[in-house]
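What follows is one structure encoded as structure tokens, with my remarks underneath.
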Amino acid sequence: MLGKYLVYNSPAGRMSARIVEIEAYIGQDDPACHAARGKTDRNAPMFGPGGFSYVYFIYGMYNCLNFVTEKRKHPAALLLRAAEPKEGIDLMRLNSPRIRATNELLNGPGKLCRSFGLTTVHTALDLTGNQLYLEDRNEPSVSFGYSPRIGIRVGADLPWRFFDSDSKALSRPVEAGKTK
DNA sequence: GTAGTGATTTTCT
DNA sequence: GAAAATCACTACA
């Protein structure tokens with residue numbers, strides 16, 4: 264998924280961004296995964312088939328966007344943490360007026376959803392539709408790195424965060440010795 | 001430039 | 001009633 268393009272045809276216009284940072288949340292054995300304690304109203308999309316969105320509300324102000332990856336009854340998702348704005352940058356600025364640098368419009372899971380205008384009404388969308396989807400533009404493979412996941416209190420020892428180590432739009436600096 | 005802390009509300013126990 | 005897959009502001013160097 265790293266290096267692919269996220270496209271969102273919003274009511275206000277088309278926006279797209281190159282994905283540069285993701286985290287994996289896999290199954291009921293992963294203590295940090297929302298699905299670890301069973302199915303609830305919130306995490307229900309993860310228990311459905313792959314290829315759907317999962318948006319959840321967190322910390323009273325922010326939303327985070329995930330892509331469901333596995334088949335039915337096998338909860339797993341990728342959290343989109345950061346991306347480089349490509350199209351619709353003006354629209355993103357309207358949603359995040361306090362952010363000045365273009366590279367900072369999408370460099371965090373909360374900011375990514377805010378700049379795109381995504382909320383929980385966008386959860387469980389079919390990613391093969393024409394509203395929210397991925398595009399593979401066949402760009403050269405990226406130099407990627409990995410690190411422990413960020414912002415969680417359990418399962419933080421698993422190195423399931425992956426990022427494009429050449430990007431200037433990461434949510435955290437590249438740590439020494441972590442690139443491949 | 002980095003480090004520390006308040007904001008704010010849904011969701012689950 | 002407490003915690004949460006976060007962000008932005010403030011203080012200080």
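Here our numbering = 1-based position in the first sequence + 263. Using N, Cα and C, we set each Cβ at its ideal position, and we do this for glycine too. This structure is a prediction, so every number in the text was calculated from the model and none was measured.
Between the Cα of residue i and those of the options, spot the shortest distance and give me the residue it belongs to.
i, options, result
"Thr383", "Tyr288, Ala298, Gly323, Ala287", "Gly323"
"Asn326", "Asp429, Glu350, Thr332, Tyr317", "Tyr317"
"Asp389", "Tyr271, Cys296, Arg363, Asp420", "Tyr271"
"Ala295", "Gly314, Ala275, Trp423", "Trp423"
"Ala298", "Pro338, Gln394, Ile321, Met264", "Pro338"
"Gly266", "Arg435, Lys334, Phe426", "Phe426"
"Lys336", "Thr386, Ala364, Asn306, Tyr319", "Asn306"
"Leu368", "His385, Asp429, Val417, Ser434", "Ser434"
"Met264", "Ile415, Val405, Val437", "Val405"
"Ile289", "Asn366, Glu398, Tyr396, Arg412", "Arg412"
"Ile415", "Ile321, Met278, Met355", "Ile321"
"Ala345", "Ala364, Arg281, Asn401", "Arg281"
"Thr386", "Tyr319, Lys302, Gly380", "Tyr319"
"Lys431", "Phe407, Gly380, Lys334", "Phe407"
"Tyr268", "Ala419, Tyr409, Arg400", "Arg400"
"Ser279", "Glu438, Gln291, Tyr409, Ile352", "Ile352"
For the beta strand (DSSP E) containing residue i, name the first residue and the last one.
i, result
"Gly276", "276-289"
"Ser273", "268-273"
"Arg424", "424-427"
Under the rule that 16 or more other beta-carbon atoms within 10 Å means buried, what is residue i, buried or exposed?
i, result
"Ala275", "exposed"
"Pro403", "exposed"
"Gly301", "exposed"
"Pro445", "What is shown of the chain runs 264 to 443, which leaves residue 445 out entirely."
"Ala340", "buried"
"Asp293", "buried"
"Arg377", "buried"
The stretch 368-376 in contact with the stretch 306-316 per 3-pair CB rule at 8 Å | Inter-segment contact for the stretch 368-376 and the stretch 306-316 is absent: fewer than three beta-carbon pairs are separated by less than 8 Å.
What residue ranges within the stretch 331-416 form continuous beta strand (DSSP E) runs of no fewer than 3 residues, ordered along the chain?
-> For the stretch 331-416, whole beta strand (DSSP E) runs of length 3 or above, ordered along the chain, are 339-350, 395-398, 407-410.
Could I get the ranges of all uninterrupted beta strand (DSSP E) runs contained in the stretch 296-336, with 3 residues as the minimum, in chain order?
-> The qualifying runs are 316-321, 325-331.
Inter-stretch contact at 8 Å, needing at least 3 Cβ pairs: the stretch 328-339 / the stretch 281-300 | Here the stretch 328-339 makes contact with the stretch 281-300; the two share three or more CB pairs at distances below 8 Å.
Do three or more CB pairs link the stretch 390-402 to the stretch 352-368 at distances below 8 Å?
-> When Cβ pairs closer than 8 Å are counted between the two stretches, the stretch 390-402 is seen not to touch the stretch 352-368, the count staying below three.
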